[in-house]
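Asker:
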Amino acid sequence: MNSYEYILEMRNINKRFKNLVANDNITFRVRPGTVHALIGENGAGKSTLMNILTNIQTPDSGEIYIRGELVEFKNPLDAVRHGIGMVYQEFMTFQGMSVLDNIIVGFEQKNGMFIDYKESRRKVEEICKKYNFNIPLDALVNDLPIATLQQVEIIKVLYRNADIIILDEPTSVLTPQGVQGLLDAIRFLVKQGKTVIFITHKLKEVLEISDDITILKNGRVTGVLSAKETNELELARLMVGREVMLQINKPQCKTGDVVLIVSNLKVKDSAGVIRVKNASFKVHAGEIVGISGIAVSGQKALVEAIVGLSTAEKHGEIIFCGRNITDETIANRRKMGMGYIAQDRTGIGSNKEGTIWENAIMGYHRVKGFKRKHLLDFNDINAFTNKIIDEYAVKTQGIGDKIKTLSGGNIQKLIAGREFLQNQKLLIIEDPTRGIDVGSVEFIWNRIIQMAQVGVAVLLISHDLNEVMQLSDRILVMYNGSIIEHPNSKVLTEEQIGLMMLGGVIDEVGN
Amino acid sequence: MMTMLGILFGSVTWSATFRLSTPIILTSVGGSFNKHTGVFCIAFECFMLSAAFFAAWGSYLTGSPYMGTLFAILAGLLLAAIFGMFVLNFKANPMIVSIAMNFGAWAVTTLLLTEIFGVRGYFHSPKIVNFSPIDIPVLREIPYINEVLNNQIILVYIAYISVVVGTIIMYKTPFGLRLRTIGINEIGAQTAGVNILKYKWIGLAIMGIMSGLGGAYLPLSGLSMFSENMSSGRGFLAFAAILVSKGNPVKAALISILFAYTNALTFTLTSYGIPSQLLQMFPFIAVIIVLMIGNLRNLSLTPVIEASE
Amino acid sequence: MKLEINGEAKSAMLKYCISIGLTLVFGCILITAQGEKPLRAMGYILQGSFGSVMNIGNTIRWIISSLLVGAAATIAFKSGVANMGIEGQIYIGALSAAVIGYSIELPPGLHAIACLLVASIMGMLYALIPALLRLYFKINELITTLVLNFIAKDLTEYITMWVIMGGQQAANGSASIATPRILKSAQLPIIIKSTTANIGIFIALAVLLIVAFFYKYTLEGYELTQIGQNMNFARMGGVNITRSFLMAFLISGFISGLCGGIEITGAYYRFTSSFSNNLGWDGIMIARVSNNNPIAVIFVSIIWGGLKQGAMNMERMTSLNRLIVIIIQMLFVLFVSIDYDSIINKWKSKMELKKPDYNGGMNI
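Residue numbers (our numbering), protein chains in the order written: chain A, 461 to 971; chain B, 11 to 319; chain C, 13 to 376.
#1: Counting only C-beta atoms, is B/LEU89 closer than 7 Å to chain C at any point?
#2: Any beta carbon of chain B sitting closer than 7 Å to that of A/LEU537?
#3: Could you pull out every residue in the same chain whose Cβ sits closer than 7 Å to the Cβ of C/ILE338, ignoring the five residues on either side in sequence?
#4: Give the residues from the stretch 239 to 263 of chain B that approach chain C closer than 9 Å (Cβ to any Cβ), ordered along the chain.
#5: Within the continuous beta strand (DSSP E) that includes A/MET546, where are the two ends?
#6: Check the Cβ of A/THR553 against every Cβ in chain B and list those closer than 9 Å, keeping chain order.
#7: Assuming A/GLU954 contacts A/MET929 under a Cβ cut-off of 8 Å, what Cβ separation, rounded to an integer in Å, is found between them?
#8: Could you tell me whether the Cβ atoms of B/LEU228 and B/MET240 are closer together than 7 Å?
#9: Answer with yes or no whether the minimum CB distance from C/TYR234 to chain A is below 7 Å.
#10: Find the residues of chain B that neighbour C/ARG300, judging by a C-beta separation of less than 8 Å, and give them in chain order.
#11: Span of the beta strand (DSSP E) holding A/PHE658?
#12: For a contact meaning CB atoms closer than 8 Å, what does A/ASP561 contact in chain B?
#13: Ignoring anything shorter than 3 residues or poking outside the stretch 879 to 942 of chain A, list the beta strand (DSSP E) runs there in chain order.
#14: Could you round the C-beta distance between A/LYS742 and A/ILE721 to whole angstroms and report it? I think they count as a contact, below 8 Å.
#15: Does chain B have any CB closer than 7 Å to the CB of A/ILE1019?
#16: Could you check what DSSP says for B/PHE294 in three-state terms: helix, strand or coil?
#17: When DSSP labels each residue in this structure, what does A/VAL704 get in the three-state scheme?
#18: Based on the DSSP output, what are the partners of B/VAL173 in its beta bridges?
#19: What residues in the stretch 153 to 184 of chain B have a beta carbon less than 7 Å from any beta carbon of chain A?
#20: If the criterion is Cβ atoms closer than 7 Å, does the pair A/ILE888 and A/ILE751 meet it?
#21: I'd like to know whether the C-beta of C/THR254 is nearer than 7 Å to at least one C-beta of chain B.
#22: For A/GLY556, does the three-state DSSP call read helix, strand or coil?
#23: Kindly indicate which three-state DSSP category C/GLY185 falls into: helix, strand or coil?
#24: Decide if C/THR157 is buried, meaning its Cβ has at least 16 other Cβ atoms within 10 Å, or exposed.
#25: By a C-beta neighbour count over all protein chains shown, 10 Å radius and 16 as the cutoff for buried, is A/THR771 buried or exposed?
#26: Pick out whichever of C/TYR352, C/ILE30 and C/VAL93 has its Cα sitting closest to the Cα of B/LEU315.
#27: Less than 8 Å between C-beta atoms, sequence neighbours within five positions excluded: which residues of the same chain meet that for B/SER266?
#28: Compare the C-beta of B/ALA202 with all C-beta atoms of chain A and state if any pair is closer than 7 Å.
#29: Note down the Cα distance separating C/ALA209 from C/ARG334, rounded to an integer number of angstroms.
#30: Does DSSP put A/ASN515 in a helix, a strand or coil?
#31: Run through chain A and tell me which residues come within less than 8 Å of C/TYR56, C-beta to C-beta.
#32: According to DSSP, is A/MET470 part of a helix, a strand, or is it coil?
#33: For the pair the stretch 270 to 289 of chain C and the stretch 49 to 59 of chain C, tell me if three or more CB-CB distances fall below 8 Å.
#34: Excluding the 5 residues preceding and the 5 following B/TYR209 in the sequence, name in chain order all residues of the same chain whose CB lies nearer than 7 Å to its CB.
#35: Compute the distance between the beta-carbons of B/ILE163 and B/PHE141, then report whether it is under 7 Å.
#36: Going by alpha carbons, who is nearest to C/ASN325 out of C/GLN59, C/ILE32, C/GLY212 and C/LEU128?
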């Protein structure tokens, strides 16, 4: 019966989005009855590969074999019918419905034209029993904790008779105890004959649970290893190590007074989940402090609290230029000299329906000119916008153009110009070069260094480790909501920081 | 005091309530299906008014209220299809399409009234054959119930049956379950293998058919008449019922009954000197109060505005 | 790059051209089906609306209200407020103006100003209700404003009939429910003899120019535009969203109330129940067709007013019903609402699928 070596084999998968090669000739093989970890940074191509497997996206070329047979999916249902089930990172739950409804939807047991709830319930209960899940089937999903929701999602794919279960970043939402529970559940699933594909970037878990590991980087496979024969350092190197595209000449900084003090900051997101745990750090004038970390480690919540987009919990403090600004309005923070480059370039950083000048003055229209009483001062606006366009080499026809006519790099240069040309004391810069062309990257990097040279305090939060290492005078690592500061971060290697980002501990001398 | 109780609980009032709730219930039950697919629609005035006209015309032509109702259903379906074409295929703003269609329906029906029947304002004719009341023998023996429930026209019974059937379809069948998932989480529904577009069109079709039935009630319930702007805001009441009930047919029906009850009271209470205008306001004030109670947990003393839905 | 800017304007031009074309085609079919010549009908519409000084005067009367409701809706939509309650705010404003107009005596001029001011403030206060419900209860203003329209209609009718007319005995006397006629001193001066064209047109034009100026040249206008287009962007820039939202809502209500006031003091001279004939909805459509551009509202309002007045002439001179014009207007609104860009893009990408992509990856 087992005439095949691999239960799943994806051969030479290629997928390209406009200017981005997401999957570059990827071959991915999974042995039956194993846990296979698929690891890689954000944008490495994991999601695309899995979307191709579940037929949410179709590949440009490549073949998929299941149990040794070539298959061709016409729609996502076909993938389900071939026994592929995916637990998404963003759970596909239906708020306001019961657990049972959530599990059976689309694949209900039928009794004539009605749902056979008795039979459906029996089947689900059978699965719960077999795989040791204890779930209240009649509870509404809204009332359940995240760990339970995840179990609901796993039961859902089991109910759909999945043999190959894909778990997308399953531990990023869990507490340590929850993680252990999940790992136990995965082991149990495998014992029952299922195959699990485990997507993550937490190396400890990878080594703990998986049999085989495939590492992706920039859309390519950089390694296929057996978990027994590797270690965290090797994985980190294969995963985050990269050829340095740009080498920036960064002069020594002259550190001045403390500009920003964050102490014991605790931030919850809108769902009430604690995202930042007791973060404390300082940023001095003239210094670039980089914060690196894997995705969803709490960077977003930290930045939002500092710039004022969300409110921090009571007991923490943010002190800016000697003043407690924890409860200040955004406008006042800006007035005091805080600049902000948001990660979400088009959602927050700019208004894509607006013109160039409208985008160029936002945030400073009230605090630093551009107005004579209530009227906009167009001389001032023109002069300032043109100054940005000149000094930041924004390629455009005129300041009345809609910003959506610009390329990503030009938009980012415009945003950078807006925030940098206002004589700020502190700049919060989030992923400044994500997805823009190399020329613009170099340009923006140089400008950031220049800002520090003239005495501005810079807090750089980036998912790009290379960027953080190239620019920063000090590197902080954010892991699971906490800020980890190494006493001598400049001596650390890329691998070592990568390891810290993934929860590892490095001692003072760098071991 | 006795008269007051008589008015509030008397069989005359409740019989009228039972009757008057029909068009709103039919429309809101149909619209509930559409609501669950996440397609925004406030064009119920359009569907009901047009259906009312075609019901009257069909009955006038054929002499059968059933044929008239069929005309109305077809009109409702056609208009729902036009709405769907603009909103689903042409990606038009559903709000503006709704508003334009509401107006268009008023203009078209009023125009057809003059073109076909050669009158302005209203057309009354015995040739517009009404549904006749149905006598249910079982009910005859029960005193109060008989006066309220018996001898109503078939559409009244259909309306209440539709609440039951609609609830069963929505909450007991695979179709209903899948339909409801779309409005909650469209991508989630997709991963469960639900064909979103198909379900959206089915939701629109049910809405069209049911609003057609609701519209047919207006001229064929005993009036033998079509008048300009006959739906007179019932479409908006149905919309409010759908919104407040969040698309639950039973709740939508209860709210429709609340509207109809206050409407029925205006008939009786006005003769006791209570201004009808005040009574007419009650259902609308009720909508706001229900919304406020429903949102109590969102109450915050520091006003916050989130980016709109 | 230059091509792209033209592309923007081009797609807007294309949108209106296709819409007008489609509307003309369907309109002609409609008119021909009624056994009339389309050109003849259009001629009579033009003649009826702009053919003589008197006709122009009567057209102006309709332009006034179109301008004001268009302005009220534009302010709301441009700032991200879904104010569907313009109709209700008009009623409240209109009744207030009528009451001030007949019940107190003031010098001419001052009296009219008092009427309009009270009308505007009452309209604004009526808009405050849904605004507060949104701010404190997070209830979407769409449904509350819709419902408040009906409440306003019933409330004004109640006040007129039971408070002002003293109950149904009086109402039985006359068929309609109406307030007494406002005093001469409260009436807006007529600008063209024996028509109802009044100085309201200057007020309305001034309002639109102020709105246009406000959004183009003022700080607050800039902030409101940014909120309407991208609330998170404005929040990031430190704009006080709550205050601005409330301000836009109230200004929209203020202008709606003003519209009601001008209708009473300039044209009807008394408040009649259900007088407005869905003016508020007209405003929403005018604003949408104008793409929330205050200057475009002026042009669309002229067309709207002209059609309203011209339709009557067309009805008199041909066998056509004036409702035909409303139907054609609605068709135009529908056609303008179509997202032609997305249809064209979809069609284009379908074509591209068949062609190999030669320069893919090069354009960012």
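Here a beta-carbon is modelled for each residue, glycine too, at the ideal position from N, C-alpha and C.
Answerer: Well, looking at it:
#1: no
#2: yes
#3: none
#4: GLY243, PHE246, LEU247, PHE249, ALA250, LEU253 and VAL254
#5: 544 to 547
#6: ILE194, ASN195 and GLY198
#7: 7 Å
#8: yes
#9: yes
#10: ASN103 and ILE106
#11: 655 to 660
#12: LEU187
#13: 886 to 890, 917 to 922 and 934 to 939
#14: 5 Å
#15: Given a span of 461 to 971 for chain A in the structure shown, any question on residue 1019 of chain A remains unanswerable.
#16: helix
#17: Its pLDDT being 47, under 50, A/VAL704 is placed unreliably in this model, and the coordinates cannot settle the point.
#18: B/VAL173 is not bridged to any residue.
#19: LYS182, THR183 and PRO184
#20: no
#21: yes
#22: coil
#23: For C/GLY185, the predicted model reports a pLDDT of 47, less than 50, meaning its position is unreliable; a value from the coordinates is still stated below. Three-state result, C/GLY185: helix.
#24: buried
#25: exposed
#26: Per the sequence shown, residue 315 of chain B should be read as Ile rather than Leu. Taking only the C-alpha atoms, the option nearest B/ILE315 is C/VAL93.
#27: SER31, ILE34, ILE35, SER38, LEU247, ALA248 and ALA251
#28: yes
#29: 21 Å
#30: coil
#31: Ordered by position in chain A, no residue passes the 8 Å Cβ test against C/TYR56, which lies about 41 Å from the chain.
#32: strand
#33: no
#34: THR47, ARG188, LEU189 and ILE192
#35: yes
#36: C/GLN59
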